[in-house]
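Please read the structure below before turning to the comments.
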Amino acid sequence: MIKSIGTALLGLGLLVATTGYNAMAQDAAAQNAAQGVFEACEPEIKSHCKEVTPGEGRIFACMYAYEDKLSKQCSAAIDDFADALDFFFANARQALAICAPDIEAQCSETEVGGGRVLTCLSEKQDEVGAECKEVIEVFSEKFGLKDEDS
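Counting in my numbering, the final residue of the sequence shown is number 193, and the numbers go up one at a time with none missing.
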């Protein structure tokens with residue numbers, strides 16, 4: 044559990060500090076995964092961290108201090124968040140290298156952040172390369188950006 048919360052805190056800090064990898068799904072990934080943690084850990088946040096000002100990882104830092112008091116549901120959500128961050132940081136550079144030509148050709152006018160570039164690529168899948176299509180599929184599934192009907 045310490046490793047998961049530590050990974051989550053480190054990842055959250057890196058998400059705040061970095062902007063270069065923003066082009067694929069960084070904001071959406073962080074928002075979706077963090078939202079899952081906030082929902083699953085709502086009782087713990089209300090009881091242990093109610094005085095903490097949200098933002099910049101402070102809620103996660105507070106939960107780290109109370110990790111021995113977290114429910115299984117909350118711990119599992121933090122583990123999922125840490126896994127998502129691990130995946131993102133392990134794969135972002137390669138994904139951007141693969142999709143860079145398609146981003147430039149198809150989505151250069153798209154504002155970066157919030158998963159908008161990934162959404163743009165998804166909407167134009169018929170016009171992107173085969174390798175980039177695979178990246179779109181994997182990232183969309185991993186970060187819940189894929190339509191339920193797809």
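Where a beta carbon is used, it is the ideal one built from N, C-alpha and C, also for glycine. Keep in mind the model is a prediction, meaning the values are calculated, not measured.
- The alpha-carbon separation between Ile-88 and Phe-182 amounts to approximately 29 Å.
- Contact between the stretch 170 to 178 and the stretch 139 to 156 is present: 3 or more CB-CB pairs across the two stretches fall below 8 Å.
- Contact between the stretch 114 to 129 and the stretch 78 to 92 is established, with three or more Cβ pairs separated by less than 8 Å.
- Cβ contact annotation for Asp-111 (same chain, cutoff 7 Å, sequence separation greater than five): none.
- In the three-state scheme derived from DSSP, where H, G and I count as helix and E and B as strand, Leu-161 is classed as helix.
- The C-beta distance from Gly-79 to Phe-124 rounds to 7 Å, short enough to fall under 8 Å.
- Under the three-state reduction of DSSP output, Cys-105 falls in the helix class.
- Under the three-state reduction of DSSP output, Gly-79 falls in the helix class.
- Taking every protein chain shown into account, the CB of Gly-98 has fewer than 16 other CB atoms within 10 angstroms, so this residue is exposed.
- When DSSP states are grouped into helix, strand and coil, Glu-94 belongs to the coil group.
- Leu-113 is the residue among Ala-77, Arg-101, Gly-100, Leu-113 whose C-alpha sits nearest the C-alpha of Ser-90.
- For the set Cys-142, Phe-131, Phe-103, the Cα lying nearest the Cα of Ile-121 is the one of Phe-103.
- Annotation: Phe-186 is outside any alpha helix (DSSP H) and is labelled neither H nor E by DSSP.
- Separation of Val-95 and Asp-126 (C-alpha to C-alpha, rounded to the nearest whole angstrom) is 25 Å.
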